[in-house]
Every structure is written in C-alpha cells, then in structure tokens.
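**Q** With full-length UniProt numbering applied, the sequence shown corresponds to residues 1 to 414, in that order.
Got a structure for you, written out below as structure tokens; questions coming shortly.
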Amino acid sequence: MEKPALLQEMLQRIIDEEEDDHTLVKKARVMLRDLQGENKICKLRKALYGLRRAGRQWNYEIDKTMKRAGLVPTNADPCVYVDKNTRTFVLIYVDDILIISGNQERERQIKDFLSKTFRIKDFGLAKYCLGIQIEQNENEICLSQAGYIREILKRNRMEDCKPVLTPLAVGSKLSELHSEDDNEDTNFPFRELIGALMYVAVGNRPDVSHAVSVLSQFSNCYRKKHCTAAKRVLRYLKGTIDKKLIYRKNQDNLTCYVDADWANCEIDRRSYTGSTFILSGAAFSWESRKQRTFALSSTEAEYMAFSDASKEAVFLIGYLKELGFQSLANVVVFNDNQGAGKLTENSVYHARSKHIDVRYHFIRDAVKKHPIKILYLPTEKMIADVLTKALPKENHDRCILGLGLQSDNTSAVT
1 MEKPALLQEM LQRIIDEEED DHTLVKKARV MLRDLQGENK ICKLRKALYG
51 LRRAGRQWNY EIDKTMKRAG LVPTNADPCV YVDKNTRTFV LIYVDDILII
101 SGNQERERQI KDFLSKTFRI KDFGLAKYCL GIQIEQNENE ICLSQAGYIR
151 EILKRNRMED CKPVLTPLAV GSKLSELHSE DDNEDTNFPF RELIGALMYV
201 AVGNRPDVSH AVSVLSQFSN CYRKKHCTAA KRVLRYLKGT IDKKLIYRKN
251 QDNLTCYVDA DWANCEIDRR SYTGSTFILS GAAFSWESRK QRTFALSSTE
301 AEYMAFSDAS KEAVFLIGYL KELGFQSLAN VVVFNDNQGA GKLTENSVYH
351 ARSKHIDVRY HFIRDAVKKH PIKILYLPTE KMIADVLTKA LPKENHDRCI
401 LGLGLQSDNT SAVT
C-alpha cells in the first residue's frame, strides 16, 4: 500500500471523514492550547506506530475489508484469503498484499474494492516481496534471494571472498570446547550474521538450513572456529548466489522426504532431523533441527523424524483442501530406514521400542486417518540427507537438485 497502514486505521471513528484540512488544523490548535493547562491528556484517534493495539487494530480492519470483498480466511493461515469460486487467493503480510488469480475480472474487483477503503498502489506483476525476488512466466515460477545475499556479503566485507563448494566441511565437528588459542572473536558480528543466514535458509535456500541450524547453537558461546564456519557459509552462498527454487507446471505430486542422522551432535549426542515437502518440482516446506530427546538407535531417530514430518503432512493436507486443491491432498513420504517404516505400520508391542515416547506414535494415527503413504527409498536417493549432515560435493549437488534449487544454466533431472 502507498501509505502506512497503521496510520490509516481509526482507533475509534470519532472524526468525520468529510472534514477538510482547515477544520483539522483548527482542532489541532485547540488541542495544543488545552494541553498547556493542568490535568489534560490526549486521546489518540489513530493507530499510531508503537501503540500496543496498532497491529491488532489494523488486522481487524483489513480482515473486515477482505470479508466484505467476498474472500474467506483459511484456518491454516488467517492471513491467506480464498475465493474458491474463481480460484483467487490473497496473501497479506501487514500492509503488503499479493493477489493470485487466473480470473482477471475478479482480480480487478478486489483491487477496486481495496482502493475505495485504503490508499493503495498497484505495482503490477509481483517481482519482489520480503527480500525474495520473483520471476514468472507461463510455465514456471522462480524464487531467488540473490539481492539479499549480496547485501549480506557487502555488510560483512566478503564481496570478493573465494567461493567454496559446500556450506559445511565434511567431518567438521563444532562444539563448545575450545583450545587456548581459540579466543572469542568479539569484533565479528556472529549473532547478526546467523540471523541473516537464518532468513536466507527460511526464504528459499534449504541447502544451508543444516549449517545454520548447527551454527545457531553457539550464538552465546562462539569462538574463532565458529566465526570461520559462519564465513564458510557466506563463501558457499557467494559461489551459488544464482541458485533459485524453480516451480514448474504439471508436476503436482506432493511428496515428502524425511531423514535423520543418529547421534551426530558433538555437544549432547542428539540426532538431527531433516525433512522436506516437494510440490511442482521444488521444495516449499523444509526443516533441519536437532531432535528434542535422545535416540538409542538409528531406527529410533528416523522414527522420531517420521513423527515430526507427519505433523507437517497433516497440516498441509488440511491446508490444500482449504485452498480447493483436493487432488493434491495426498502425501507420499519417503524414508531410507526400513525399520522405522515397519514401526509406523505395526503397533504391536516390541521390547526394543516400548520406551519411545507416546508423542512420537502420532505417525501411526496420521497414516490411519489421513492419505499418507510411507515408502522406502535407498539412501543414495534420499535428498533430505543434505538437511541432516555435511555432505561431499557430489552428494550435496544431487540433493539440492532434488530440492529444486537450480541455476539458469542447470537442466532439470527427472
């Protein structure tokens, strides 16, 4: 929108919207004069920035406006509005609005309706949103963060750094332990860099998610070796700055890849979970994080990863149904551990698995009640592997290609 949204919304509609500027100036002068006396206060009439109720009040107003325009908010995300009759979707982030529709007349109606309520500016076809560059044509949509990555490189004076092939060195073991010569680098903005890298990883670069997850553990105890590892992620991004997620038409199978790396953490020996959901040829949801509890075997670690992925699968199934994509609301989940796959299917008592927390058996219920199918996939084809550990270049490149991360000169592999 052209004007800040929070300044447009009235806290209470006690100002006549037809008053001219001259009348408002007169009222302002009277207010200032009255404030010079004792026991006088100002009563705010607009939702100003910094006001505790401002964000809530704006959301209330924009929600009311969207509903009047014939759009319905989804339960999965109340900032996504749908008109199923015309397959029109409106996405809202504070006062930034994206309209997705194949019906140009319906799109025009929504814009006209908004312009009657707010001062808006139409920027045309979306090319940039929240730090993500958007390229689109009739057959594909590409998401890139090249501009934001360049900004991070410049901020850390690494525009001319030498690129590396992977975000983490294979076999690298980062821990809180340090030698006498491994002092804290107080001049390096480690926390700030990790925050920036986290935004990159969440936005459209799942290939650095594991590296960022590992490094974020040391935000309060970082040393030179951690700063060096963080700089390596920047060097990797410098060499892969043109990588983008590419979503293509007619690739509508919703698939999930889930993996775990057992007892990989040097600090507490907990395992790492990695999972990703693929739709239209590229990842649109992914996760790389340390598991909450200790796993006593690789099968147990994979089973716990299964449970976390199944929660996301149930959410996405419901979300796709709300959006009107019933045919897509079926998930095939691939894993590379046959023991974990058997545990999801068989709820019979087993002495070696009886200790597993009840919360992780959610996967069994999810498979029974929802269209979720579990299939085995050999480790060499498991693309979620890159979300659990540092890999050699060949394996790393294979995984990120499977995630849909490609350069302009990269050909898709089917």
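C-beta: ideal position from N, C-alpha, C; glycine also.
Evaluate methionine 66 with the Cβ neighbour count: other Cβ atoms within 10 Å of its Cβ, from every protein chain shown; 16 or more gives buried, anything less gives exposed.
**A** So methionine 66 counts as buried.
**Q** Quick one: residues in its chain with C-beta nearer than 8 Å to the C-beta of asparagine 103, no 5 flanking neighbours on either side, listed in chain order?
**A** Hits under 8 Å: Thr86, Arg87, Thr88.
**Q** Is it true that the CB of phenylalanine 277 sits closer than 8 Å to the CB of leucine 215?
**A** No. Outside cutoff.
**Q** Is the separation between the beta-carbon of lysine 224 and that of leucine 174 shorter than 8 Å?
**A** Going by C-beta atoms, lysine 224 is not nearer than 8 Å to leucine 174.
**Q** Cutting at 6 Å between CB atoms, please list the residues of its own chain near alanine 301, excluding the five before and the five after it.
**A** The answer, listed in chain order, is Ala260, Trp262, Ser271, Ala295.
**Q** In chain order, what residues of the same chain have a beta carbon less than 8 Å from the beta carbon of arginine 289, not counting five sequence neighbours either side?
**A** Closer than 8 Å at Cβ, skipping near neighbours: Ser213, Tyr272, Thr273.
**Q** Between which two residues does the alpha helix (DSSP H) harbouring phenylalanine 306 extend?
**A** 298-323 is the span of the alpha helix (DSSP H), which, as asked, contains phenylalanine 306.
**Q** Would you mind stating whether cysteine 129 and leucine 98 have Cβ atoms separated by less than 8 Å?
**A** The answer is yes: Cβ separation under 8 Å.
**Q** Nearest CA to the CA of alanine 69: which residue from Val94, Asn75, Gly50, Lys116?
**A** Looking at the Cα atoms, Lys116 is the closest of the given residues.
**Q** Could you give the DSSP three-state label for tyrosine 49: helix, strand or coil?
**A** Note: tyrosine 49 maps to coil in three-state DSSP.
**Q** Nearest-angstrom Cα distance between tyrosine 257 and lysine 381?
**A** Their Cα atoms are separated by approximately 10 Å.
**Q** List the whole-angstrom C-beta distance separating phenylalanine 190 from alanine 230, where the pair is believed to meet the contact cut-off of C-beta under 8 Å.
**A** Phenylalanine 190 to alanine 230, Cβ: 6 Å. Contact.
**Q** Check each candidate in Ser285, Gly195, Tyr303, Arg53 and name the one with the smallest Cα separation from glutamine 291.
**A** Answer by Cα proximity: Tyr303.
**Q** Could you please give me the residues that DSSP links to leucine 153 through a beta bridge?
**A** BP columns for leucine 153 are empty, so no partner.
**Q** Check the C-beta distance from alanine 366 over to isoleucine 372 and give it rounded, since I have them as a contact under 8 Å.
**A** At roughly 6 Å, the Cβ-Cβ gap stays under 8 Å, so alanine 366 and isoleucine 372 are in contact.
**Q** What separation, rounded to the nearest whole angstrom, lies between the Cα atoms of arginine 56 and valine 72?
**A** Roughly 18 Å between the two C-alpha positions.
**Q** Terminal residues of the continuous alpha helix (DSSP H) containing glycine 239?
**A** It spans 224-239 - the alpha helix (DSSP H) in which glycine 239 sits, taken as one unbroken run.
**Q** For serine 144, I'd like the list of residues in its chain whose CB is within less than 6 Å of its CB, leaving aside the five on either flank, ordered along the chain.
**A** Here the set comprises Gln133, Lys244.
**Q** Can you look up lysine 290 in the DSSP assignment and give me helix, strand or coil?
**A** Lysine 290: strand per DSSP, three-state reduction.
**Q** Give, in chain order, every unbroken run of the beta strand (DSSP E) that is at least 3 residues long and sits entirely within the segment 102-180.
**A** If we require 3 residues or more, the beta strand (DSSP E) runs fully inside the segment 102-180 come out as 132-136, 140-144.
**Q** Checking the sheet assignment: what are the DSSP bridge partners for serine 285?
**A** Its beta-bridge partners are Phe277.
**Q** Identify, in the order they occur along the chain, each residue of the same chain with its Cβ nearer than 7 Å to the Cβ of proline 378, setting aside the five sequence neighbours on each side.
**A** The answer, listed in chain order, is Asp336.
**Q** Given a threshold of 16 other Cβ atoms within 10 Å of its Cβ, counted over all protein chains shown, does threonine 23 qualify as buried or as exposed?
**A** Exposed, since its Cβ has fewer than 16 Cβ neighbours within 10 Å.
**Q** Comparing the C-beta of lysine 238 with each C-beta of chain B, is any distance below 8 Å?
**A** The chain labelled as chain B is not found in the depicted structure, where only one protein chain is given.
**Q** According to DSSP, which residues form a beta bridge with proline 73?
**A** According to DSSP, which records beta bridges pairwise, proline 73 is partnered with Tyr81.
**Q** May I ask which residues mark the beginning and end of the beta strand (DSSP E) holding cysteine 256?
**A** Element bounds for cysteine 256: 255-261.
**Q** Using the rule of at least 16 other Cβ atoms within 10 Å of the residue's Cβ for burial, across every protein chain shown, is glutamate 287 buried or exposed?
**A** Classification of glutamate 287: buried, given that the 10 Å Cβ count is 16 or more.
**Q** Looking only at DSSP bridge pairs, what is aspartate 96 linked to?
**A** Partner(s): Tyr93.
**Q** How many angstroms separate the CA atom of cysteine 227 from the CA atom of phenylalanine 188?
**A** Cα to Cα, cysteine 227 sits roughly 7 Å from phenylalanine 188.
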